[in-house]
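What follows is a single structure, written as structure tokens, with notes after it.
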Amino acid sequence: MAGTSIPVHPLPVRIAHWVNALCILVMVLSGWKIYNASPIFGFAFPAELTLGGWLAGALQWHFAAMWLLFANGLLYIAYGLISGHLRRRMFPLSPAAAVRDVLSALRGRLAHEDLSVYNSAQKLAYLAAIALVACLILSGLALWKPVQLYWLASLMGDYEGARLLHFFCMAGLVAFVIVHVVMVVLVPKTFLTMITGKLRT
Ligand code: HEM
2 MAGTSIPVHP LPVRIAHWVN ALCILVMVLS GWKIYNASPI FGFAFPAELT
52 LGGWLAGALQ WHFAAMWLLF ANGLLYIAYG LISGHLRRRM FPLSPAAAVR
102 DVLSALRGRL AHEDLSVYNS AQKLAYLAAI ALVACLILSG LALWKPVQLY
152 WLASLMGDYE GARLLHFFCM AGLVAFVIVH VVMVVLVPKT FLTMITGKLR
202 T
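Take the sequence shown: its letter number 155 is residue 156 in the numbering used here, and every next letter is one higher.
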């Protein structure tokens with residue numbers, strides 16, 4: 002019997018997702034080069050894992066990707082709110098269901114049979130990733146214009162507070178991406194659906 006395909010990811014979500022993934026890659030690798038120029042902690046990132054060649058080059062990559070990330074993020078959120086995509090795919094989300102699904106995932110027992118619906122662990126992870134990106138943009142703006150946006154930096158303690166927040170949000174997002182990609186490798190069908198938008202049954 003011929004299989005049927007059901008729509009899973011709308012085109013604007015797929016475009017925003019892959020543009021976002023590219024921007025995050027560029028921002029993280031160039032960010033590591035910028036960090037290495039004046040490390041906060043007692044370590045530096047390996048030079049082979051950084052982008053930009055030198056501090057000024059890394060800053061140019063970082064700012065170029067930042068504007069794309071910012072515009073892309075705004076379009077994704079606007080589309081998600083207006084079309085109802087975010088409400089349908091990420092909610093409802095109860096803390097009890099999120100804890101239950103995260104614990105099952107850690108035990109390797111989380112079923113992901115209906116790929117057109119996110120389980121609560123996914124909903125929580127995706128909302129956390131969106132919040133981390135928003136926090137990275139806000140703390141990044143505070144670092145970029147510390148004089149004009151002093152009120153923003155003061156919400157994060159001060160300039161050093163904004164730097165620490167920026168660093169820890171980066172670390173959280175990198176952890177998310179590692180877990181996210183491992184999940185995609187474990188359920189490879191999801192990768193195709195994020196490209197074609199359809200799920201073949
Ligand atoms: C190369 C790296 C990446 C791969 C291979 C990848 C793959 C995927 C796939 C296959 C899905 C659909 C999951 C499903 O249907 O069950 C997905 C969804 C999602 N991914 Fe990624 N992803 C990557 C990077 C990222 C990054 C860097 C972020 C955020 C910073 C991100 C955030 C999200 C979000 C928020 C969703 C849900 C989108 C929605 O339905 O609106 N991904 N990703």
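Backbone N, C-alpha and C fix where the C-beta goes; we use that ideal spot for every residue, glycine too.
Inter-residue Cα distance where the pair is residue i and residue j
i      : j      : result
Lys190 : Cys136 : 31 Å
Met195 : Ser95  : 25 Å
Lys199 : Leu193 : 8 Å
Leu150 : Ile179 : 33 Å
Ser140 : Tyr36  : 15 Å
Phe169 : Arg201 : 39 Å
Ala65  : Phe92  : 33 Å
Ala99  : Arg90  : 14 Å
Thr197 : Ala57  : 38 Å
Arg164 : Phe46  : 16 Å
Lys34  : Leu75  : 27 Å
Ala97  : Leu156 : 31 Å
Asp258 : His167 : Within the shown structure, residues of the chain are numbered from 2 to 202, placing residue 258 beyond reach of any answer.
Ser105 : Tyr77  : 30 Å
Met138 : Asp115 : According to the sequence as given, residue 138 is Ile; it is not Met. Going by the C-alpha atoms only, they are around 33 Å apart.
Gln61  : His113 : 41 Å
Ile16  : Phe44  : 36 Å
Ala176 : Val148 : 32 Å
Residue i burial status per 10 Å Cβ neighbour count (16 or more: buried)
i      : result
Met2   : The predicted model places Met2 with a pLDDT of 48, which falls under 50 and marks its position as unreliable; any figure quoted below should be read in that light. Classification for Met2: exposed.
Asp102 : buried
Val188 : exposed
Ser39  : exposed
Trp152 : exposed
Ala48  : exposed
Val118 : exposed
Ile41  : exposed
Val14  : buried
Ala59  : buried
Ala154 : buried
Ala215 : Look at the range of the chain in this structure, 2 to 202, and you will see that residue 215 is not part of it.
Ala143 : buried
Leu174 : buried
Short CB-CB distance (under 8 Å) between residue i and chain D
i    : result
Ile7 : Checking the listed chains, one finds no chain D in this structure; it contains a single protein chain.
Cβ separation of residue i and residue j, assumed to be a contact under 8 Å, to the nearest whole Å
i     : j     : result
His86 : Pro11 : 7 Å
Contact the stretch 60-74 vs the stretch 20-27: 3+ CB pairs below 8 Å: For the pair of segments examined, the stretch 60-74 was found to touch the stretch 20-27: the number of CB pairs separated by less than 8 Å reaches three.
Cβ contact check for the stretch 2-16 and the stretch 127-135: 3 or more pairs under 8 Å: Between the stretch 2-16 and the stretch 127-135 there are fewer than three C-beta pairs closer than 8 Å, too few to call the two in contact.
Cβ pair count under 8 Å reaching 3, the stretch 175-191 against the stretch 112-128: Contact holds: three or more Cβ-Cβ distances are below 8 Å.
Segments of 4+ residues assigned as alpha helix (DSSP H) that fall wholly inside the stretch 122-163: List check, alpha helix (DSSP H) in window: 151-156.
Cβ contact check for the stretch 47-59 and the stretch 22-35: 3 or more pairs under 8 Å: As far as the Cβ criterion goes, the stretch 47-59 touches the stretch 22-35, which means the pair count is three or higher.
At least three beta-carbon pairs within less than 8 Å, the stretch 74-82 to the stretch 103-111: These segments do not touch.
Whole runs of the alpha helix (DSSP H) within the stretch 27-102, excluding any shorter than 4 residues: Here the runs fully enclosed are 56-84 and 86-91.
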